[in-house]
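Scroll down for the structure; my scribbles are underneath it.
Protein chains: 2
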Amino acid sequence: MTYCVGIKLNAGLVFLSDSRTNAGVDNISTFRKMIVYERAGDRCMVLLSAGNLSIAQSVREILQVEQLQERPDVEPLTIWNARSMFDAARVLGNAVRHVYDRDAKALEHAGVDFNVSLVFGGQIRGEGMRLFQVYSAGNFIEATLETPYFQIGESKYGKPVLDRVITPDTPLDEAAKCALVSMDSTMKSNLSVGPPLDLVVYEANRFETDKIVCIDMQNPYYRMLHSSWGQKLREVFDSLEDPVWDDAHTDVPLKVSGGRSKPLKKISRPDERLI
Amino acid sequence: MTYCVGIKLNAGLVFLSDSRTNAGVDNISTFRKMIVYERAGDRCMVLLSAGNLSIAQSVREILQVEQLQERPDVEPLTIWNARSMFDAARVLGNAVRHVYDRDAKALEHAGVDFNVSLVFGGQIRGEGMRLFQVYSAGNFIEATLETPYFQIGESKYGKPVLDRVITPDTPLDEAAKCALVSMDSTMKSNLSVGPPLDLVVYEANRFETDKIVCIDMQNPYYRMLHSSWGQKLREVFDSLEDPVWDDAHTDVPLKVSGGRSKPLKKISRPDERLI
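What follows is the structure in structure tokens.
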């Protein structure tokens, strides 16, 4: 499995990926799932991948040479000459389709789904930052103000904290912290998501980044986050009142006299029915 | 979808279920997913169901008349005369198999999986409390000290808080609070899990319970929990330090000079490769 998240903010972009892969629980390996494509001053793009590793690696391999020939009189489109992130995402989608044409049939014979999902974001000089999620069919969607992040892989455990924290106005470092908390929750619940983690933070209109770090479990910041989050979550839980069944002695009774919803009927004899 | 959780503690049992069902997002209904079987002073058993609603309802219907004839000279086993929860769980598993025999083929023709999962727990006089999860094949597993709870339906969003809080020593009301927080996180992230909620708390060795409540979104305790949990979670998040990229000025640097793990290499030219 995999967990990757890409976040688009007004201040920049945040990308985080784990690096565990598994073919069954008895075959665990480490593969990095992030690539940074950067021509400083011109474009900075980050690709995150999840799904079948052979497909993801093939896509990454051919992405570098992938060309979209749109018209005979125009230079073919590549991620290095694309004038917009949208066009670069089209090149990426096309690379997925090439791998499909080459491998899907043989995978199907082997009973393996053609399954890959990608997050691709960045900025090309001349336009704003953009963030895309690319599907197995090579089609893609773009992040918007309302939904400023994309997750791929094991997304459920880490989603609640993103939903609570991330808005387009979130500062970059706070969003990086949020992505790491989201990853921490995921690693706690899904063994097939694991370290080291790759984190990239891109500041808007820089067209390059030096905020790239590989975080292992010895990383001081990650260790602090991991232990403090667990401990403080528990403190918050303890600080909430336990339910009180008798509504006479509390402002927030659990059982309300004459409540609006009907409590369950019990069944107390073999011949009794609910309805 | 559905979310149900059953928890076994030294002090008793806690059961919580939502009541939303859906056949696609355009067909949402309300069905209660919990039944309490109780012969006061002798046995108190609670059944939670998830999966295909027609299967779950059929299982509930025939469970009342289901008999396991083990030997011709012995009275057939039912949930009402079983002398252990294990035997009662066998009767339940058998009910699932009866529905399978009746419906599975026709469901398969219609392209529908035979999909049902059940949590079944309680206490019969003469033994301790027990909690089981019953699968579509009618087989089942029992909760232990190490894993004192079972979830069925949409389990992922609500699992982290259970893992952080629940141990066999957790007091009953605290466990009920934990189940409600778990449900709250699930309802926030999965539209197909919804109110009203049915909560039952069973105290050990009582062989009956009056702690049964139907909780809708107007319930004062649930409203308090919902708003306080969200707000305090956010406060905890804000209280954690943001990452600092420069390791000179912090005890917990994100980027460590000479860190153990290699940062990602960037790709900066079309002919460059990662490896």
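Protein sequence lines, in the order shown, are assigned to chains A and B. Numbering follows full-length UniProt numbering, in which position 43 of the first sequence is assigned residue number 43; successive positions increment by one, without gaps. Numbering follows full-length UniProt numbering, in which position 6 of the second sequence is assigned residue number 6; successive positions increment by one, without gaps. Beta carbons are placed, not taken as given, at the ideal position from N, Cα and C, and that holds for glycine. Since this is a predicted model, take the numbers as computed values, not measurements.
| Asked | Found |
| --- | --- |
| How big is the Cα-Cα spacing for G93(B) and V161(A)? | 38 Å |
| By the three-class DSSP mapping on this structure, what secondary structure does Y222(B) have? | helix |
| Specify, as a first and last residue, the run of the alpha helix (DSSP H) that G41(A) falls within. | From DSSP, G41(A) is part of no alpha helix (DSSP H); its letter is neither H nor E. |
| For C214(B), which beta-bridge partners are listed by DSSP? | D198(B) |
| For N22(B), which beta-bridge partners are listed by DSSP? | I28(B) |
| Note down, in chain order, all residues in the region 258 to 273 of chain B with a beta-carbon under 9 Å from any beta-carbon belonging to chain A. | G259, R260, S261, K262, P263, L264, K265, K266, I267, S268, R269, P270, D271, E272, R273 |
| For a test of the three-state rule: what should DSSP assign to E203(B), helix, strand or coil? | strand |
| Spatial neighbours of L180(A) within its chain, please: C-beta separation below 6 Å, excluding the five flanking residues on both sides. | L225 |
| Can you pull the chain B residues whose beta carbon is under 7 Å from the beta carbon of R164(A), in chain order? | G230, L233, R234 |
| Taking the alpha-carbon positions, what's the F114(B) to A56(B) distance? | 10 Å |
| How far does the beta strand (DSSP E) with residue 284(B) in it reach, from first residue to last? | With chain B represented from 1 up to 275, any question about residue 284(B) goes unanswered, as that position is not in the structure. |
| Contact check, V213(B) vs V14(B) under 8 Å by CB: the rounded distance? | Contact doesn't hold; Cβ gap of about 12 Å is too wide. |
| In chain order, what residues of the region 23 to 46 of chain A put their CB closer than 8 Å to some CB of chain B? | R32, M34, I35, V36, Y37, E38, R39, A40 |
| Got a sec? Which residues, its chain only, sit under 8 Å from P76(A) by beta carbon, not counting five neighbours each side? | Q67, L68, Q69, E70 |
| What is the DSSP secondary structure of L9(A), reduced to helix, strand or coil? | coil |
| Which one of M217(A), R269(A), D163(A) has the shortest CA to CA distance from V256(B)? | M217(A) |
| Cα separation between Y100(B) and D271(B)? | 59 Å |
| What are the residues of the region 165 to 186 of chain B that lie near chain A, defined by any Cβ-Cβ distance shorter than 8 Å? | V165, P171, D173, E174, A176, K177, C178, L180, V181, S185 |
| At least one CB of chain A closer than 8 Å to the CB of Q64(B): is that the case? | yes |
| How is S155(A) classed by DSSP in three states: helix, strand or coil? | coil |
| Under 8 Å between C-beta atoms, does C4(B) make it to chain A? | no |
| Output, in chain order, the set of chain A residues within a Cβ distance shorter than 8 Å of L189(B). | Position check: residue 189(B) holds Ser in this sequence, whereas Leu was assumed. The contacting residues are K156, K159, P160, D163. |
| Any contact between the region 42 to 52 of chain A and the region 228 to 243 of chain A? By contact I mean 3 or more CB pairs, one from each, below 8 Å. | no |
| Hey, quick one: how far does the beta strand (DSSP E) through L118(B) stretch, first residue to last? | 116 to 124 |
| Please state if the CB of V96(B) and the CB of G138(B) are separated by a distance shorter than 8 Å. | yes |
| Express the C-alpha separation of L264(A) and P195(B) in angstroms, rounding to a whole number. | 14 Å |
| To which residues of the same chain is Y157(B) closer than 7 Å at the C-beta, ignoring the five residues directly before and after it? | S185, T186, S189, N190 |
| Closer than 8 Å, Cβ to Cβ, to anything on chain A: give me those residues from the region 74 to 86 of chain B, in chain order. | T78, W80 |
| Which same chain residues, not among the five before or five after D169(B), have their C-beta less than 7 Å away from its C-beta? | N10 |
| Per DSSP, which one or two residues make a beta bridge with F150(A)? | G6(A) |
| Along the chain, where does the beta strand (DSSP E) containing E142(B) start, and where does it finish? | 140 to 142 |
| Give a yes or no on whether 8 Å exceeds the smallest Cβ distance from D251(A) to chain B. | yes |
| Who are S49(A)'s beta bridge partners in DSSP? | L118(A) |
| Between Y221(A) and chain B, is any beta-carbon pair separated by less than 8 Å? | yes |
| Taking only beta-carbon atoms, is L225(B) less than 8 Å away from chain A? | yes |
| Rounded to the nearest angstrom, how far is the Cβ of P148(A) from that of I166(A), given a contact under 8 Å? | 6 Å |
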